[in-house]
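Chains as they are written, first to last, in this note's numbering: chain A, 422 to 755; chain B, 422 to 755; chain C, 422 to 755; chain D, 422 to 755. The structure appears below as structure tokens.
4 protein chains.
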Amino acid sequence: MQTEYIVLSEERNVSLTVYIQAAGGEFGGVAARPVVVVIPGGGYHFCSDREADPVAFPYLKAGYQVFILRYSLNAHAEWPRPLEDYEETIGLIRSRAAKWNVAPDRIAVIGFSAGGHLAACAATMSRNRPNAAILGYPVIDGDCVHDYLPSAPDVPSAVDGKTCPCFVFATRTDNLVPVSNAVHMVDALCAQGIAFESHIYANGPHGLSTGDPSINDQAFSGRYAAWAEDSIAWLADVMGGIKSTGLTEPAFGPKINGNREKTLNLDCTMKYLLAHPGGKALLAEKLPRAEGTLPPAAADVITLRDCLKYARVDSKTVKAIEQALLAIDNTQEG
Amino acid sequence: MQTEYIVLSEERNVSLTVYIQAAGGEFGGVAARPVVVVIPGGGYHFCSDREADPVAFPYLKAGYQVFILRYSLNAHAEWPRPLEDYEETIGLIRSRAAKWNVAPDRIAVIGFSAGGHLAACAATMSRNRPNAAILGYPVIDGDCVHDYLPSAPDVPSAVDGKTCPCFVFATRTDNLVPVSNAVHMVDALCAQGIAFESHIYANGPHGLSTGDPSINDQAFSGRYAAWAEDSIAWLADVMGGIKSTGLTEPAFGPKINGNREKTLNLDCTMKYLLAHPGGKALLAEKLPRAEGTLPPAAADVITLRDCLKYARVDSKTVKAIEQALLAIDNTQEG
Amino acid sequence: MQTEYIVLSEERNVSLTVYIQAAGGEFGGVAARPVVVVIPGGGYHFCSDREADPVAFPYLKAGYQVFILRYSLNAHAEWPRPLEDYEETIGLIRSRAAKWNVAPDRIAVIGFSAGGHLAACAATMSRNRPNAAILGYPVIDGDCVHDYLPSAPDVPSAVDGKTCPCFVFATRTDNLVPVSNAVHMVDALCAQGIAFESHIYANGPHGLSTGDPSINDQAFSGRYAAWAEDSIAWLADVMGGIKSTGLTEPAFGPKINGNREKTLNLDCTMKYLLAHPGGKALLAEKLPRAEGTLPPAAADVITLRDCLKYARVDSKTVKAIEQALLAIDNTQEG
Amino acid sequence: MQTEYIVLSEERNVSLTVYIQAAGGEFGGVAARPVVVVIPGGGYHFCSDREADPVAFPYLKAGYQVFILRYSLNAHAEWPRPLEDYEETIGLIRSRAAKWNVAPDRIAVIGFSAGGHLAACAATMSRNRPNAAILGYPVIDGDCVHDYLPSAPDVPSAVDGKTCPCFVFATRTDNLVPVSNAVHMVDALCAQGIAFESHIYANGPHGLSTGDPSINDQAFSGRYAAWAEDSIAWLADVMGGIKSTGLTEPAFGPKINGNREKTLNLDCTMKYLLAHPGGKALLAEKLPRAEGTLPPAAADVITLRDCLKYARVDSKTVKAIEQALLAIDNTQEG
């Protein structure tokens with residue numbers, strides 16, 4: 422493994438620690454590796470070493486390249502400086518993708534506590550959106566982040582349709598950052614139709630990092646220590662994983678349905694299709710009984726593809742419906 | 422294992438399937454076992470067999486007595502009939518506790534989908550509250566449950582201070598019951614200061630039950646299948662577990678802090694103590710610098726016990742503060 | 422779940438406890454289920470309840486039908502009486518396969534301690550061999566079993582080419598049955614070319630059963646409790662698993678190579694092919710450099726299929742070699 | 422993390438890659454860390470990169486310092502050169518223990534394939550024995566290692582009373598190094614009374630390393646990938662683990678009984694005590710019924726401590742027996 426230490430700003434003490442694994446050779450099928458950018462916490466006052474290297478190791482084991490970003494703090498942290506540090510990091514990684522054996526469209530970010538705030542801002546507000554974000558006991562609410570950095574923004578109100586899939590974890594009894602922060606992030610992702618996974622473990626104090634006993638010996642619910650492996654499996658679900666023969670397609674992909682595609686499609690929800698003039702007309706012709714038979718709440722989440730499958734519609738008909746849908750524009754905002 | 426089939430109402434087709442394990446003999450230290458009541462789903466139209474026996478087995482393995490409740494459906498389900506079926510079940514279990522080797526104050530309930538709605542009602546509205554509730558892809562919102570049973574109540578608005586600890590799990594891409602139901606339950610638990618654990622897995626359709634491949638072969642995120650073992654570990658955290666020598670005390674207990682105890686105590690949060698006249702006076706005397714130094718969000722969750730520990734206050738002083746607190750009444754509503 | 426209690430011999434107190442799950446209905450694709458026969462231990466003096474029901478539950482959860490055999494003990498156990506109890510059990514299960522929703526060619530047996538001896542005898546000496554055997558801290562050696570039942574046979578010397586795949590687990594510090602018993606079983610399986618999996622955990626006393634804390638509270642290595650789930654995954658590897666759409670083919674099957682097939686084939690090992698006149702001639706023609714280039718130890722285990730793959734031989738040539746091999750008789754004992 | 426690259430021999434291309442984590446600071450309670458020395462495989466012809474860095478990461482995550490040893494190969498590998506490389510490595514680590522934040526009496530070694538041979542030689546033949554050894558699909562038998570390095574020694578015949586605890590894993594269908602190598606190592610450890618843990622997984626080819634999909638995409642039994650986490654838990658059992666407050670005592674320690682201590686003691690086995698003149702006399706006086714009541718096989722493994730516990734002998738008597746035992750010399754070879 423090659424290691425580098427890159428100073429992004431001497432004045433502001435901003436740096437990248439870079440851990441680069443080989444590609445090619447015995448790892449021949451892996452021409453480029455996905456990336457995890459680690460953003461430690463520390464209340465925008467310091468960057469915790471316990472949320473730096475120890476977090477890098479599970480992703481290195483899984484085959485990722487890892488960059489640890491130590492960002493602008495204290496007097497240097499006037500917003501949007503920390504977010505600009507992130508933007509610069511992504512720019513640098515993408516510009517050196519070949520040198521660093523990096524797949525430039527497979528960059529995940531992970532942040533903890535205040536670093537989770539910065540990671541969540543990256544997911545929702547940055548120019549260089551990551552492909553996935555992992556948020557560990559994050560500071561999310563404006564009310565809460567202002568205790569640490571008055572200029573920092575509220576996150577839930579910034580969640581938009583371009584927000585990347587998020588993996589949010591915390592402990593319900595966090596004794597420093599109220600768990601309501603994590604809950605409000607999940608609320609916003611849910612409300613905006615963004616993909617997410619969320620684990621809130623019953624018991625444990627703030628700052629558990631990986632949950633390894635070498636880092637913490639406080640009492641916490643044993644399930645907590647599963648988050649790192651779970652997040653790696655989740656990355657394979659939404660961003661794609663790594664096989665020795667190359668990167669794999671994501672098992673499910675970053676979207677929860679097809680409602681935001683440029684044309685209508687089989688993965689649109691029934692409610693969406695029925696609210697779209699072109700979709701409504703098509704369904705009235707092809708599936709005249711569809712409207713009204715589904716409970717409204719179900720229609721909000723079930724896709725046409727699932728409906729056709731459960732109704733055992735033959736594949737030729739499905740294909741015909743799909744082609745008709747793909748011809749209907751879906752770029753007008755609802 | 423002894424099995425019984427008890428008809429609670431022939432007319433309404435309500436029944437209990439009872440799986441009772443031995444206590445004593447080779448299991449001598451286990452004089453009485455905790456209980457899990459399983460409530461299958463089915464939209465208040467049927468009770469799914471896939472959410473009945475298969476769910477019983479992991480809890481039986483862990484040493485629990487298991488009761489499967491098949492409750493009032495369809496025309497018989499006018500609210501509160503299903504909840505009354507639950508109340509009758511608990512009454513019966515408690516009245517036969519000795520016969521069935523049951524610890525009557527260690528009863529957990531688990532429900533799925535519409536059965537999750539009923540379990541959540543048990544947790545929040547019943548006379549015989551369970552000691553813990555596990556809610557699998559539950560129907561929670563009034564809007565949603567009314568699609569299936571118009572007389573059934575909204576749950577989030579009913580979460581109260583007596584609500585038992587809840588373990589809520591679902592998949593983000595549930596294609597029948599919107600995941601917002603689970604999210605809203607977590608919101609309400611969080612807002613009301615109730616203990617909970619929550620796992621929302623990224624991908625998977627409605628009705629996955631245990632996630633065993635013998636029950637489902639649809640594609641879903643592999644983490645899903647961990648919920649059953651995780652729920653058993655969680656029960657040990659909040660309700661207590663089982664050792665061969667007898668039942669164990671809960672590792673953490675059902676409360677997240679001491680704010681609801683009858684007197685003030687070390688596990689009250691700083692914000693709560695500072696808002697209480699007697700607590701404020703005591704802190705002003707004993708810890709004059711406490712007020713104002715903590716970020717407001719942190720003060721909302723950190724306990725006095727943790728503050729004293731982090732400040733390395735000596736144990737004699739801690740003891741004195743504790744005794745002073747325990748003499749201060751906390752039964753006046755805030 | 423239907424339960425039955427069948428007395429096989431009133432005089433000898435031999436019985437079957439039967440746990441039968443539904444097939445069809447909501448489990449429609451599962452027309453017949455595989456079977457696990459549980460054989461508790463107890464030194465041929467009693468049948469331990471701790472190795473009966475608690476062992477049944479994980480297999481029930483995985484979708485198996487489970488039968489608990491309480492076999493001939495003490496004065497009634499003169500060999501081969503216990504083995505005959507086993508034979509009768511298998512005969513009964515197969516004769517009632519339709520009634521009990523059983524796949525009659527997917528029967529696994531699991532035994533513990535002395536019950537592990539009986540299960541190992543079933544795997545190696547019975548007329549009705551199981552399809553797989555799971556042996557928990559088994560008594561295996563003649564020297565050891567004679568301490569409990571002088572007429573009972575030594576197992577390792579009975580391992581033959583028809584022995585089914587075995588999953589052997591034990592603790593290295595077993596304080597009643599020396600771990601050498603398990604080790605000698607593995608030795609014999611290895612020497613006879615039989616498929617197996619083996620887990621010997623560092624620390625733990627005799628009789629841990631499932632390792633659930635409700636059954637034991639003695640100190641043991643935490644890995645121990647993984648054996649049940651591991652054995653279920655192993656059954657899917659060697660015997661086939663269960664999906665909601667029906668039984669699945671085994672991922673790997675019950676054999677470690679093709680040396681025992683009726684004709685030569687690509688899965689024969691290189692050493693075996695080179696020792697077979699017909700195989701040697703074929704290889705000399707098709708792969709003249711094969712003989713002598715492989716280290717002898719490697720030649721003993723690598724198959725021709727792997728050699729051709731690593732040498733990147735084109736698929737047409739592979740097909741031609743395969744057809745030539747399948748025409749060569751392999752029924753003469755080496 | 423600090424990284425170093427140390428050339429041990431330029432001529433023979435022998436090197437150490439050193440990964441050193443901080444002690445003190447935020448990891449304040451961890452004054453010195455235990456060590457894992459990684460020895461990659463490659464038939465004494467090369468050192469596989471797939472068994473180097475990827476193996477380091479899980480131990481780094483668990484808090485270990487990691488050293489990767491690339492040892493003498495090919496013409497430079499005339500025995501005992503590779504073992505001397507190992508000896509030099511241990512000497513260097515111990516001499517720089519303070520600089521590298523190392524606990525010098527907590528050094529484990531892990532080797533794969535031919536590197537597993539070298540690690541097994543370290544465990545059995547070296548002057549600087551490790552405290553624990555992890556052997557992954559190792560070459561063990563003289564017959565087998567001679568295919569790769571004719572001067573290298575057979576291992577099983579070298580297992581002695583000073584051999585450290587070993588964790589041995591392999592796949593039963595290894596297609597390059599016969600699994601009999603691993604089995605013979607377990608045999609020898611068992612026969613010599615050495616502590617071990619062993620996992621032989623049913624299916625998988627040679628060279629799976631960590632089992633991460635980024636390293637291999639060949640088919641293998643899913644249990645395989647558990648070995649790394651299992652080995653870390655095992656190290657805590659036999660060598661001691663790491664908490665944030667410092668190193669922990671081993672849960673069980675490196676011995677399976679007290680037979681090799683300098684005096685008799687309660688952890689001697691009954692058979693050993695009865696074969697020792699002083700022990701026999703003491704037992705005849707204190708526990709006159711002990712001799713003859715235990716089955717011989719059980720007497721070989723059960724300790725006096727367990728016997729007294731199962732017989733519910735009072736603690737005062739136990740104490741008296743213990744003191745009498747500790748006065749009896751046990752340094753004469755049996």
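All residues carry an ideal CB built from backbone N, CA and C; glycine is no exception.
Query                                                                                                                                                                                         : Result
Any beta carbon from chain A within less than 7 Å of isoleucine 742(B)'s own beta carbon?                                                                                                     : no
Count the other CB atoms within 10 Å of the CB of glutamine 442(B); is the residue buried (16 or more) or exposed (fewer)?                                                                    : buried
Using three-state DSSP, classify histidine 414(C) as helix, strand or coil.                                                                                                                   : Absent from the structure is residue 414(C), since the part of chain C shown begins at 422 and ends at 755.
Tryptophan 648(D) CB to nearest chain C CB: under 7 Å?                                                                                                                                        : no
Kindly list the residues whose CB is nearer than 7 Å to the CB of aspartate 526(D), restricted to its own chain and excluding five residues on each side of it in sequence; keep chain order. : Asn552
From the beta carbon of glycine 512(D), is the nearest beta carbon of chain C less than 7 Å away?                                                                                             : no
Considering only the alpha carbon of each residue, which of Ala540(B), Val435(B), Tyr426(B) and Val451(B) lies closest to asparagine 396(C)?                                                  : Outside the modelled stretch of chain C, which goes from 422 to 755, sits residue 396(C), for which no answer is possible.
Against chain C, does proline 634(B) count as a neighbour if the rule is that its beta carbon must be under 7 Å from one of theirs?                                                           : yes
Of all the residues that make up the stretch 582-600 of chain C, which are near chain B by a beta-carbon distance shorter than 8 Å?                                                           : none
Could you tell me how far apart the beta carbons of tyrosine 558(A) and valine 598(A) are, in whole angstroms, since I believe they sit closer than 8 Å?                                      : 6 Å
Can you tell me which of Thr666(C), Val566(C), Pro503(C) and Phe478(C) puts its alpha carbon nearest to the alpha carbon of proline 716(D)?                                                   : Val566(C)
What does a CB cutoff of less than 8 Å around alanine 612(B) pick up in its chain, not counting 5 residues either side in sequence?                                                           : Val580
What ranges does the beta strand (DSSP E) occupy inside the stretch 532-582 of chain B, keeping only unbroken runs of at least 3 residues that lie completely in it?                          : 553-557
Considering only DSSP beta bridges, list what lysine 664(C) is partnered with.                                                                                                                : Gly667(C)
Over what stretch of residues does the beta strand (DSSP E) that includes glutamine 442(C) continue unbroken?                                                                                 : Counting along the chain, glutamine 442(C) falls outside any beta strand (DSSP E), and DSSP gives it neither H nor E.
Name the DSSP bridge partner or partners of glutamate 425(D)?                                                                                                                                 : Val439(D)
Would you call the stretch 491-500 of chain B and the stretch 475-482 of chain B touching, i.e. three or more CB-CB distances under 8 Å?                                                      : no
Following the continuous alpha helix (DSSP H) through proline 698(C), name the residue where it begins and the one where it ends.                                                             : 698-707
Taking the beta carbon of glutamine 744(B) as the centre, do at least 16 other beta carbons fall within 10 Å, making it buried, or is it exposed?                                             : exposed
Quick one: does glycine 755(B) have its CB under 7 Å from some CB of chain A?                                                                                                                 : With a pLDDT of only 49 at glycine 755(B), under the threshold of 50, the placement of this residue in the model should not be trusted, and no figure is reported.
Check the Cβ of phenylalanine 478(A) against every Cβ in chain D and list those closer than 7 Å, keeping chain order.                                                                         : Phe478, Leu481 and Lys482
Applying the 10 Å Cβ sphere with the 16-neighbour rule, what's the burial state of lysine 683(B)?                                                                                             : exposed
May I ask which residues mark the beginning and end of the alpha helix (DSSP H) holding glutamate 509(B)?                                                                                     : 502-516
For isoleucine 615(D) and chain C, any beta-carbon pair shorter than 7 Å?                                                                                                                     : no
Could you tell me which chain B residues have their CB closer than 7 Å to the CB of aspartate 651(A), listed as they occur along the chain?                                                   : Arg644
With distances taken from CA atoms, which of Ala609(B), Asn596(B), Asp688(B) and Asn751(B) is nearest proline 698(B)?                                                                         : Asn751(B)
Quick one: grab the DSSP three-state call for glutamate 682(C).                                                                                                                               : coil
Please check the pair aspartate 688(D) and threonine 738(D), which I expect to be a contact at CB under 8 Å, by giving their CB distance rounded to whole angstroms.                          : Contact flag wrong, Cβ pair sits at about 17 Å.
Quick check on DSSP: helix, strand or coil for cysteine 728(A)?                                                                                                                               : helix
Going along chain A in order, which residues have a C-beta closer than 9 Å to the C-beta of glutamine 486(D)?                                                                                 : None at all; the shortest Cβ gap to chain A is about 11 Å.
Looking at the structure shown, is glycine 755(B) part of a helix, part of a strand, or coil, going by DSSP?                                                                                  : Reliability of the predicted coordinates at glycine 755(B) is poor, the pLDDT of 49 falling under 50, and the value obtained from them is presented with this limitation in mind. Of the three classes helix, strand and coil, the one that applies to glycine 755(B) here is coil, per DSSP.
Residue range of the beta strand (DSSP E) that glutamine 744(D) falls in?                                                                                                                     : Unbroken run through glutamine 744(D) is the alpha helix (DSSP H), 736-747; no beta strand (DSSP E).
Specify the secondary structure class of valine 598(D) as computed by DSSP and reduced to three states.                                                                                       : coil
Quick check on aspartate 750(C): does DSSP put it in helix, strand or coil?                                                                                                                   : strand
So asparagine 678(B) packs on aspartate 658(A), CB below 8 Å; how close in whole Å?                                                                                                           : About 35 Å; that fails the 8 Å criterion.
Looking at C-alpha atoms only, which residue of Met660(A), Asp735(A), Phe590(A) and Ala649(A) is the closest neighbour of histidine 627(A)?                                                   : Phe590(A)
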